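Residue numbers are given in UniProt numbering: position 145 of the sequence shown equals residue 145, and the series is strictly consecutive. Even glycine gets a Cβ: it sits at the ideal position worked out from N, Cα and C. From a predicted model like this one, the values you see are computed outputs, not experimental measurements.
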Amino acid sequence: MSQWIDAKGQRCPVPVVLAKKAIAAGETSFTIEVDDPAAVENLSRLADHQGFTVAVRGLPGGGHALNFTRASGVSAPTACQREADAPLPGRGYAVFVDRDIIGSGDRELGANLMRMFFYTLAEGDALPESVLFMNDGVKLPTLDDQVAAHVQTLTDRGVEVLVCGTCLSFYGLTDRLQAGTVSNMFDIVSRMQAAAKVITL
């Protein structure tokens, strides 16, 4: 019998964590109900990464039910495989951005410094493993065309760019993301833990 998980009322990353626990427990088919819009995309991406197909349907009272089914011919990962797939600790560096300006002085100066930072980063040789946007930081790849262009350059050069989906939703910017991938707290924390160092702006 397929497991049913009630994650309504839970913000990301809780639904993702609950789904990952079901997968780790060996579940090959389960349904998770959510009412956080960001959770639908995050769970769909999790399904793809873990070898599941996912069917999404709307619920009468609001929210969505996501039916996870392990893809045909794909076996559950063994403990060794899960360990091999985990991010390697101490690998490169990550940049964590939780503000839309650099510094605490003049906002115009801070915004220009942020643009110069991302231009310098995108054009340099020592690229980070990941760039992580959260809180006010999500305004950069959405509202600032210059920063968004530099972020796209980083993505094109192989840098993983994760943008907090809960933050995008809070600011009403989900549909305005110009560069990067909508993500969640679980993935962002994982990238920070895997990095040899984290630079916070």
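Below 8 angstroms on the Cβ atoms is my contact criterion, and I expect Leu141 with Gly180 to pass it. Report the Cβ-Cβ distance as a whole number of Å. Within the sequence shown, the letter at position 141 stands for residue 141. Within the sequence shown, the letter at position 180 stands for residue 180. Checking the sequence, you will find Pro at residue 141 rather than Leu. Sure, about 5 angstroms apart at Cβ, within 8 angstroms.
Nearest-angstrom Cβ-Cβ length linking Leu177 and Val163, presumed shorter than 8 angstroms: Position 177 of the sequence shown holds residue 177. Position 163 of the sequence shown holds residue 163. Contact flag correct, Cβ pair sits at about 6 angstroms.
DSSP three-state label for Ser2, please. Here the question's residue 2 lines up with position 2 in the sequence shown. Coil.
Name the two residues that bound the continuous alpha helix (DSSP H) containing residue 206. Look at the range of the chain in this structure, 1 to 201, and you will see that residue 206 is not part of it.
Counting only runs of 4+ residues fully inside the region 8-40, write out the alpha helix (DSSP H) ranges in chain order. 14-24
Span of the alpha helix (DSSP H) holding Val147? In the sequence shown, residue 147 corresponds to position 147, counting from 1. Segment 145-156, the alpha helix (DSSP H) holding Val147.
Closer than 8 angstroms is the cut-off here; do at least three beta carbon pairs connect the region 156-171 with the region 106-120? no
Given this structure, state the Cα-to-Cα distance separating Val14 from His64, to the nearest angstrom. Here the question's residue 14 lines up with position 14 in the sequence shown. Here the question's residue 64 lines up with position 64 in the sequence shown. Answer to the nearest angstrom: the Cα atoms are 15 angstroms apart.
Locate the alpha helix (DSSP H) running through Gly62, then write down its first and last residues. One-based indexing of the sequence shown puts residue 62 at position 62. Looking at the DSSP string, Gly62 is not in any alpha helix (DSSP H), and its letter there is neither H nor E.
Those residues which DSSP pairs with residue 211 across a bridge: In the structure as shown, the chain starts at 1 and stops at 201, and residue 211 therefore has no counterpart that could be examined.
Pick helix, strand or coil for Leu168, following the three-state DSSP scheme. The count along the sequence shown starts at 1 and reaches residue 168 at position 168. Three-state result, Leu168: helix.
Does DSSP put residue 203 in a helix, in a strand, or in coil? Only positions 1 to 201 of the chain appear in the structure, and residue 203 is not among them; the question remains open.
Assign Arg99 to one of three DSSP states: helix, strand, or coil. Position 99 of the sequence shown, counting from 1, holds the residue named residue 99. Coil, per DSSP.
For Gln10, is the classification buried or exposed, using 16 other Cβ atoms within 10 angstroms of its Cβ as the cut-off for buried? Start at 1 with the first residue of the sequence shown, and residue 10 comes out as number 10. Result: buried.
When you compare only the Cα positions, how much space is there between Gly158 and Asp125? As a working note, residue 158 is residue 158 in the sequence shown. As a working note, residue 125 is residue 125 in the sequence shown. Gly158 and Asp125: Cα-Cα distance of roughly 12 angstroms.
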